[in-house]
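Per the numbering used here: the sequence shown ends with 154, consecutive numbering throughout. All C-beta atoms in this analysis are idealised placements derived from N, C-alpha and C, irrespective of residue type, glycine included. Here is the structure we will look at.
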Amino acid sequence: MGRIRKLLAAVGVGAVVGAGLVAVAAPASAATQCLVIFRISYNTPGPDLRTNTSLNGEWIQLHNRCTTTITLTSSRIRDAAGHTYTFGTSTLGGGRYVKVHTGRGTNTATDRYWAQAWYIWNNDRDTASLYNHFGALIGRCSYNNPHVLSLYC
């Protein structure tokens, strides 16, 4: 049992050992995660014409599952190819959602704009990763279906 305790301590996970039973608890930060990837609209309807309207039909939506306001400043969204969106100074109220559109627009509390001239999210498969302001991965959502326009994560 000593090796199990050492292994669990090394990875930062708590354990209760007794009568041959090991119960592993997730780190507290994972249990209280507020910011999550909620939905991705990755395949804009119609042909990919690279118009701003078409580019903005592609977006990723985040959700604050907690009741308190959280800071998004310096949080990042990244696709599998490494395209990265970094939030400027912004917050997200408790229970609220924010979409990050691929094209250009005026940032609001509910809509942010990546200002790209080409599509970010692949129509067939991709992975969205969400990082907090410390650079730690806090969420990931993958898809592999070209026949669907969007995905709830």
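Quick one: grab the DSSP three-state call for residue 65. Looking at residue 65 - three-state DSSP - the assignment turns out to be strand.
Would residue 72 pass as a contact of residue 95 if the rule is Cβ separation under 7 Å? no
Thinking C-alpha only, which one of 103, 120, 151 and 87 is nearest residue 114? 103
Is the separation between the beta-carbon of residue 70 and that of residue 79 shorter than 7 Å? no
Taking its Cβ as the centre, do 16 or more other Cβ atoms sit within 10 Å of residue 34, making it buried, or is it exposed? exposed
Would you mind giving the Cβ-Cβ distance between residue 38 and residue 63, rounded to the nearest angstrom? I have them listed as a contact below 8 Å. 6 Å
Could you tell me the distance, in whole angstroms, from the CA atom of residue 74 to the CA atom of residue 136? Going from the Cα of residue 74 to the Cα of residue 136 covers about 12 Å.
Identify which residue in 134, 99 and 122 has its Cα closest to the Cα of residue 81. 122
Tell me whether residue 47 is buried or exposed, calling it buried when 16 or more other Cβ atoms sit within 10 Å of its Cβ. Exposed is the call here.
How is residue 130 classed by DSSP in three states: helix, strand or coil? In the structure shown, residue 130 sits in a strand (DSSP, three-state: E or B).
If we ignore side chains and look at the alpha-carbon of each, how far apart do residue 91 and residue 77 end up? 12 Å
With 16 as the cutoff for other CB atoms within 10 Å, does residue 152 come out buried or exposed? buried
Relative to the C-alpha of residue 119, which residue among 42, 147, 139 and 51 is closest? 51
In whole angstroms, what is the alpha-carbon distance linking residue 140 and residue 41? 13 Å
So that I know if they touch, is there some Cβ in chain D lying closer than 7 Å to that of residue 69? No chain D is part of this structure, which consists of one protein chain only.
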